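Everything below concerns the one structure shown next.
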Amino acid sequence: MRHAGHFVRLLALVAIAVVGFLYVRSLVVPKDFGVKGHYRLSAIEDEAKREARHIGSDACAECHDDIGAAWKAGKHHTPQCENCHGPGLMHTKVVAEEPTTGYPDPILKFNNAIKRPTGIMECKWCHLKTFERPSTLKSISSVREHVESHHGTYTTETLCIDCHNPHTTVVTLPKLAASSKAPVAK
Amino acid sequence: MTSLHSPDDVSRRAFLEAVAKTGGQSFLFGSLFVNTALLRLPQVEAGAKARAESETGKGVIYGFVVDTTKCIGCGSCVRACRAENGVPEGYNRTWVEQYTFYRDGEVFVNSPNGGEDGFAEQLPTRNRPSGDEAPMRGFFVPKLCNHCIDTPCIQVCPVGASFKTDEGVVLVDHERCVGCGYCVQACPFGSRYLNPETGTADKCTWCHHRVVKGLLPACVVSCPAEARIFGNVSDPDSKISRILATNRVQVLKSFLGTRPRTRYIGLDSEVI
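Going down the list, the protein sequences come from chains E and B. Letter by letter, the first sequence follows residues 1 to 186 in the working numbering. Letter by letter, the second sequence follows residues 1001 to 1272 in the working numbering.
So this is what it looks like as C-alpha cells:
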C-alpha cells in the first residue's frame, strides 16, 4: 500500500466537505422544516397570528345596539355593517384604548377609525341595474330617473340615503314631504 | 433456452439472446400497463378521484363552494378581502368576473378592477362590432384560490415556501419565499401574485387567520347573497357538506387534474 496516503487525504477532504455541508445546513434550515412536509411548520402559526380586521356585525351591535336591532329586524340584514363601513378592528381598538369618559372628543376619534359611507356609492354596488343581476334584486338604472319617477328633485348632491334608510330599508322621503303626490312606498 | 444459472455453459451469443428476450418481454408488459394508464383521460381521472374521495372522518378538511347562481356581482367579497388581508391596489386574491352571452355566440367577459367597484350599468350593445343585439344571458363568477389537492404551485417552489396544511389549505411562508415568482406562473387559475410590498408570493389563504379564531373568511361573511360557503367537508353535518350533497358541483379547469377544493354550483361551460 504505497499510495495509502493519497486515499487518506482524499477521504479527509470528503469528510470535511460532508461535515461542513451538514453544519451549514443545520444553520440555514429552520429546526421545524420538514416535520410534516417540505415546509416550515411554524409558518402556519405565523399566518394564524394575523389579526382579524373584520369584527362581524354582532360585535358592532354590542355597542350600537339600536342600529343593530333595527338592521337585524329589517329587510337589509344580509349585507353586514362592515360591507359599507369598512373593517371595524381599529374602531374597537380606539374604543378600548380611550374610554369614552374623560376623552376630549371621543366621537371624532372613533369616527376617524371607521369609514363613513358616501350614501350612494355603496348602494350602487348592489342596486345598479346590470343585465347579469337577478331580476328579483331591486335595482335602478339611473339615480336621476329613479328620483324623478318619484316626483323628487335630482341634483348632483342627491344621495340615496336622503330618502332610504340603509339600516332598515324604510323609505322616509323627507324631500318629498311637501308634495302631496309623493308615494310613500316601501 | 440456455440456462443462465450455469455460467460455465453460457456462450456470449446465448447470453445476449436471453437478455434481449427477457428485457423485451418486461418492456412489453410494462408498456401495456403504461398504455392503460394513459388511456384514462385526465377528465375521467379527475372525476373518478373526486368521487372516490370520501373525506369524511379524516379530521378537519376545509372546502369552499361558490354558488354562481346566487352571485349578484356587488364586489363585497373583493373589498372585504382587500381590507382584511391588506392586498395592495391592483392585485386581487379574489375577484368577480361578469359573463354576458349574445345570440350570435359571442361571449363578453369583464372584470373591471376585479369587480371591486361593482359593475356599472352597460348598454346592451356594449360597443360590440356586430351591432345592437341585446344580451341573451349573463351571470357573475367569483374567483379565488382553488386550494388544489394536486397543486402545481407547491411543486415548483424551489425553497419550500409554498405548502399545504393538514386541513387542505395552501399557504405561503413569507419568511422563506424568495419571490422568484415560479408559483405565480405555475398557477393555472391566476390566483397568485407577487406582493410588491413584501416582495413575496401572496395568495388567498381562505382567511386562515380568521378560521383558526373560529371566524369565517372575510369574503364569506361579507357576501350578501350567500354565494360563498366555507366549512369543514369532513363533517357530514356541516353546511358545506349538506350543500355538496344536494347540489351538482363542478370545478374550474378539471382537465388539468389539479383537483381543486373550491367547487362551483351552476358553472357554465364557457367559464374558464
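Backbone N, C-alpha and C define an ideal beta-carbon position, used for all residues, glycine too. Quick caveat, the model's predicted, so the values are computed rather than measured.
What beta strand (DSSP E) runs, 3 residues minimum, are completely inside the stretch 1085–1112 of chain B? 1095–1102 and 1107–1110
### Message
Below 8 Å, how does it come out for the stretch 36–43 of chain E and the stretch 1157–1167 of chain B: are there three or more Cβ pairs, yes or no?
### Response
yes
Check: B:ALA1218 to E:HIS54, Cα distance in whole Å?
Finding: When rounded, the separation of the alpha-carbon atoms in B:ALA1218 and E:HIS54 is 7 Å.
- request: Indicate, with yes or no, if the ligand SAM has a heavy atom lying under 7 Å from the CB of B:GLY1059.
  value: The model depicted lacks the ligand SAM and carries no ligand whatsoever.
Checklist line | Close-in-space but distant-in-sequence residues of the same chain around B:LEU1041 (CB under 7 Å, 5 per side omitted) | finding: Only weak support is given to the placement of B:LEU1041: the predicted model assigns it a pLDDT of 48, under 50, and the value that follows is read from those uncertain coordinates. Answer for B:LEU1041: no residue qualifies.
Practice item. For the stretch 1070–1082 of chain B and the stretch 1214–1232 of chain B, state whether three or more C-beta atom pairs, one from each stretch, are separated by less than 8 Å. Key: yes
What is the DSSP secondary structure of E:GLN80, counted as helix, strand or coil? coil
Starting from B:LYS1164 and walking both ways along the beta strand (DSSP E), at which residues does that stretch end? 1162–1164
In chain order, what are the residue ranges of uninterrupted alpha helix (DSSP H) at least 4 long that sit wholly in the stretch 32–76 of chain E? If we require 4 residues or more, the alpha helix (DSSP H) runs fully inside the stretch 32–76 of chain E come out as 42–48, 57–63 and 65–73.
Between the stretch 1165–1177 of chain B and the stretch 1058–1073 of chain B, are three or more C-beta pairs nearer than 8 Å? yes
Whole-angstrom distance between B:ILE1149 and B:GLY1118, CA atom to CA atom:
32 Å
* Drop a sphere of 10 angstroms on the beta-carbon of E:SER135, count the other beta-carbons inside from all chains shown, and report buried for 16 or more, exposed for fewer. => exposed
**Asked** Closest by CA to B:GLY1115, which one among B:ARG1103, B:LEU1256 and B:ASN1092?
**Response** For the residues B:ARG1103, B:LEU1256 and B:ASN1092, the minimum Cα distance to B:GLY1115 belongs to B:ASN1092.
Once you ignore the five residues that flank E:PRO79 on each side, which residues in its own chain have a CB closer than 8 Å to its CB? Hits under 8 Å: CYS126.
query: With C-beta atoms as the reference, is B:LYS1203 less than 8 Å away from B:ARG1210?
result: no
Q. Are the C-beta of E:CYS126 and some C-beta of chain B separated by less than 8 Å?
A. yes
Can you name the residues of chain B whose CB is closer than 7 Å to the CB of E:LYS129?
GLU1121
- Query: Along chain E, which residues have their Cβ under 9 Å away from the Cβ of B:ASP1150?
  - Reply: Those do not exist, as B:ASP1150 stays about 14 Å from chain E at its closest Cβ, beyond 9 Å.
Exercise. What does B:HIS1147 touch in chain E if you count any residue whose Cβ is under 9 Å from its own?
Worked result: The contacting residues do not exist; B:HIS1147 stays about 14 Å from chain E at best.
**Prompt:** Quick one: which chain B residues come within Cβ less than 7 Å of E:SER141?
**Reply:** GLU1121
What are the partner residues of B:GLN1250, as DSSP defines its beta bridges?
B:TYR1264
Selection of the stretch 1199–1224 of chain B by Cβ proximity to chain E, strictly under 7 Å: Of all residues in the stretch 1199–1224 of chain B, only THR1205, HIS1208, HIS1209, ARG1210, VAL1212, LYS1213, LEU1215, ALA1218, VAL1221, SER1222 and PRO1224 come within less than 7 Å of chain E when Cβ atoms are compared, listed by chain position.
Using beta-carbon positions only, say whether B:PRO1188 and B:LEU1256 come within less than 8 Å of one another.
yes
Rounded to a whole number of angstroms, what is the C-alpha to C-alpha distance between E:ILE140 and B:ALA1201? 41 Å
For B:SER1076, tell me which candidate among B:PRO1142, B:ALA1018 and B:GLY1190 has the shortest Cα-Cα distance. B:PRO1142
Residue interval of the alpha helix (DSSP H) (run including E:ARG116)
No alpha helix (DSSP H) contains E:ARG116, which DSSP labels as neither H nor E.
### Query
Quick one: what does DSSP say B:ALA1201 is sitting in, helix, strand or coil?
strand
Could you tell me whether any Cβ in chain E is nearer than 8 Å to the Cβ of B:ARG1176?
yes
In chain B, which residues lie less than 7 Å from E:ALA48 when you measure between Cβ atoms? HIS1208, HIS1209 and VAL1212
(request) Classify B:THR1258 as buried or exposed, calling it buried when 16 or more other Cβ atoms lie within 10 Å of its own Cβ. (result) It is buried - the Cβ of B:THR1258 has at least 16 other Cβ atoms within 10 Å.
Original post:
Using the rule of at least 16 other Cβ atoms within 10 Å of the residue's Cβ for burial, across every protein chain shown, is B:LEU1039 buried or exposed?
Top reply: Low per-residue confidence applies at B:LEU1039: pLDDT is 46, beneath 50, and the placement is therefore not dependable enough to give any value.
*Hey, is B:ARG1259's beta-carbon within less than 8 Å of any beta-carbon in chain E?*
no
Quiz prompt | Nearest residue (CA-CA) to E:ARG50, options B:PHE1064, B:GLU1084, B:LYS1021 and B:VAL1066 | solution = The residue with the shortest Cα to Cα distance from E:ARG50 is B:GLU1084.
Checklist entry - Taking 8 Å as the CB-CB limit, is B:GLU1084 close to chain E? => result By this cut-off, B:GLU1084 is an interface position.
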